[in-house]
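In terms of this note's numbering, the sequence shown opens at residue 18 and continues consecutively.
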Amino acid sequence: MSIQIALDNRPEFYTNLDFVSGRVILNLTRPETLGNVIVKLEGESRTALTMPPPTQRDDLYRPRPPGSFVGDVVTENHKILYRVFQVYPDDGVALPFQPGQHEFRFNFKMPLNNVCHDPKAMSALLGIGGLGGAGFRTMDGTKQLMLQHIKATLPPSLTGFPQEAEIRYYIKVTIQRPGFFKENWRYQVGFKFLPVEPPRPEKTSQEAFARRPFTFKPRAPGHHSIKKSLFGSRSSTATPAEDPNQLPPNIEVSARLPFPSIITCNDPLPLRLIARKLAPTMTREQQVYLTALDIKLVGYTQVRVSDLVTTERSAWVILSAPSLNPPVALFGSPTDAVDAEFEIPRALWKDRRLPNTIAPSFRTCNIARHYEIEIMLTLSWGLPSSSFTAKQLPPQTVTLPLKLSKVDVYSGIKPPQQLLNSVSTSNARPPLQPPRPSQPQPQPQARPPQQPDPLYPPQLGTNAAGMYEDAPPSYDEAMADQLAGPAARPAYSGVTAENAPSSMPPEKS
18 MSIQIALDNR PEFYTNLDFV SGRVILNLTR PETLGNVIVK LEGESRTALT MPPPTQRDDL
78 YRPRPPGSFV GDVVTENHKI LYRVFQVYPD DGVALPFQPG QHEFRFNFKM PLNNVCHDPK
138 AMSALLGIGG LGGAGFRTMD GTKQLMLQHI KATLPPSLTG FPQEAEIRYY IKVTIQRPGF
198 FKENWRYQVG FKFLPVEPPR PEKTSQEAFA RRPFTFKPRA PGHHSIKKSL FGSRSSTATP
258 AEDPNQLPPN IEVSARLPFP SIITCNDPLP LRLIARKLAP TMTREQQVYL TALDIKLVGY
318 TQVRVSDLVT TERSAWVILS APSLNPPVAL FGSPTDAVDA EFEIPRALWK DRRLPNTIAP
378 SFRTCNIARH YEIEIMLTLS WGLPSSSFTA KQLPPQTVTL PLKLSKVDVY SGIKPPQQLL
438 NSVSTSNARP PLQPPRPSQP QPQPQARPPQ QPDPLYPPQL GTNAAGMYED APPSYDEAMA
498 DQLAGPAARP AYSGVTAENA PSSMPPEKS
């Protein structure tokens with residue numbers, strides 16, 4: 018006996034609104050009586066953290082997961098995707114199968130949003146399904162009702178945090194074998210998932226920026242030129258404050274991105290680096306050069322289990338140029354006016370695309386990812402040289418850090434235009450007015466509203482749920498069945514080995 022799952026035209030990754038279709042291929046070497054053949058489309062967001070010891074007095078009174086102690090590993094599993102398809106039989110009657118190859122077709126469609134946030138959908142899953150008495154096991158959705166959920170677009174596949182966090186998607190098949198002492202046959206295959214990007218805002222001329230001014234230190238007076246007097250041999254040295262030719266350079270360096278700050282997977286950075294002169298310079302000896310440049314994309318992954326939260330930092334090198342040859346001279350001429358701006362050539366990084374292992378920004382119930390851009394610029398007052406004469410000073414160098422926070426990374430998969438139209442229509446629709454009673458009725462005394470923790474938004478159905486922006490409408494609300502997924506999509510590998518064993522610790526029952 019062998020089981021295989023053959024997907025039709027399997028892409029490198031699936032995305033929202035894609036059809037996931039294929040065949041379950043069963044090879045039998047002897048006659049078997051088979052019951053239900055169940056195919057499930059599942060997605061899990063799993064986290065695990067170790068209970069830390071209390072470090073402060075307030076930590077002693079902080080809520081903890083029930084039954085957990087210091088040093089225990091607590092886990093949380095959110096079923097962000099769960100769909101069941103009974104491919105055989107139609108009437109729930111088990112039938113004998115002869116030796117040979119048998120195929121069962123299945124077909125799913127990837128939704129837009131997670132399913133675990135919906136209390137009605139979760140409460141309908143009571144652990145059993147099927148037709149008549151020939152039932153089969155399903156997920157117990159009541160366990161999901163005890164967790165904190167948010168409504169959001171399905172997150173991308175994510176690994177790289179062993180024993181701590183992962184997001185995986187599967188296709189599972191279960192073949193039931195009626196009778197005592199007969200074990201059901203099970204098989205699963207994983208696949209990668211990358212979501213469509215949210216609607217992009219309209220382009221504007223605004224820019225998000227990070228800037229840092231800097232003034233070099235004045236050079237020692239002994240190293241300046243000596244001026245002889247006409248009436249004697251006494252010499253005097255002009256100080257930097259007296260001679261404008263000896264003023265130390267004073268500049269400001271800024272990094273700019275179009276606002277809102279959005280970058281796209283597999284695309285170059287739309288970054289601008291600009292130097293601005295803050296003090297006058299007169300001679301070429303006051304020239305400043307860019308000698309090194311480092312650009313990194315830093316991702317912060319927030320992992321949550323109940324009230325425990327930790328953040329993991331990851332970095333991807335976009336550009337590493339520790340020694341630019343030749344150095345880039347800032348400003349076209351030393352005599353440029355004050356407040357003159359010079360844009361560092363984008364040719365240094367315009368061909369450096371974001372690595373295809375970067376997942377887009379996302380937020381789901383227990384895992385979130387956001388990004389920042391860190392830039393390190395090394396400036397030199399004077400050209401770097403390996404040898405200096407007695408009358409020359411070694412150049413002054415300084416490394417200036419710049420950070421652009423709140424940077425969103427989009428997947429580059431544009432949603433269908435029909436979906437964008439549906440979202441804009443639903444946003445433009447005026448809110449429904451609550452019905453007014455015909456006669457005034459006595460109202461019971463209401464409890465004062467409690468301000469929810471901003472770190473964990475309330476579940477849907479609570480009074481405070483309206484304080485937070487809702488995710489895009491669900492697939493059933495927004496789209497028709499004939500709408501297919503996006504056709505154009507970038508290359509994406511991620512760090513997910515979709516069929517590798519899970520590195521997460523087992524869940525406690």
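No residue lacks a Cβ here, since even glycine has one placed at the ideal position from N, Cα and C.
Identify the residues that DSSP records as bridge partners of residue i: which are they?
i	result
I55	Q103, T191
M393	D311, P418
I291	S271, E360
P113	T50
N564	The chain is shown from 18 up to 526; residue 564 falls before or after that span and cannot be answered.
F379	R386
T9	No answer is possible for residue 9: the residues shown for the chain start at 18 and end at 526.
N124	S38
A538	Outside the shown range of the chain, which is 18 to 526, sits residue 538, and nothing can be said about it.
W366	Answer by DSSP bridge pairing: none, since W366 is not bridged.
V221	The identity of residue 221 in the sequence shown is Thr, whereas the question assumes Val. Bridge partners of T221: none, in fact.
T374	Note: T374 sits in no beta bridge, so no partner.
H119	L43
G316	S331, Y388
T170	N130
R185	E61
In the DSSP assignment, find the alpha helix (DSSP H) that holds residue i and state where it starts and stops.
i	result
P136	136-140
So, helix, strand or coil for residue i, using DSSP?
i	result
L130	Correcting the residue identity first, residue 130 is Asn in this sequence and not Leu. In this structure, N130 counts as strand in the three-state DSSP scheme.
Q180	coil
Q21	strand
N516	coil
M156	strand
N438	helix
E302	helix
Q161	helix
L43	strand
L175	strand
Y473	For Y473, the predicted structure reports a pLDDT of 41, less than 50, and the residue's modelled location is therefore unreliable. A value from the coordinates is still provided. Correct three-state label for Y473: coil.
Y509	coil
V322	strand
P28	coil
Y485	Since pLDDT at Y485 reaches only 39, below the 50 mark, its modelled position is unreliable, and no value is offered.
Pick out whichever of the options has its Cα sitting closest to the Cα of residue i.
i	options	result
E391	R154, V334, A296, I184	V334
Q435	P216, R40, I97, P136	P216
L171	N130, A23, L400, N53	N130
A309	Y187, L417, G39, V326	L417
E389	P48, S62, Y317	Y317
L12	P523, I167, I430, I184	The structure shown does not extend to residue 12, since the chain spans only 18 to 526, so no value can be given for it.
G15	R289, V132, T46	Look at the range of the chain in this structure, 18 to 526, and you will see that residue 15 is not part of it.
R40	L286, Q205, F114, A182	Q205
R100	L112, M139, T64, N438	M139
M127	N33, L421, E269, P362	N33
Q115	Q165, D135, L43, K168	L43
V169	K313, E181, F379, R386	For clarity, residue 169 is Ala in the given sequence; the question names Val instead. When each option's Cα is compared against that of A169, the closest is F379.
Q118	G177, I20, Q303, D356	I20
V104	E120, H95, V90, I97	E120
L288	R363, A376, E329	R363
A508	T328, P48, S428	S428
V91	R154, L325, I279, K313	L325
A225	L419, P518, P433, I188	L419
A272	K313, P266, T298, P218	K313
K57	L371, L66, Y306, V37	V37
K294	V270, A111, P277	V270
V345	L142, Q304, A376	Q304
Considering just the uninterrupted stretch of the beta strand (DSSP E) at residue i, what are its terminal residues?
i	result
R229	224-232
I203	Just to set this straight, residue 203 is Arg in the shown sequence, not Ile. Taken as a continuous stretch (DSSP letters only), the beta strand (DSSP E) holding R203 covers 202-208.
V326	325-338
F276	That residue, F276, is in no beta strand (DSSP E); it is neither H nor E in DSSP.
Q. Is there contact between the stretch 200-210 and the stretch 21-32, where contact requires at least three CB pairs shorter than 8 Å?
A. yes
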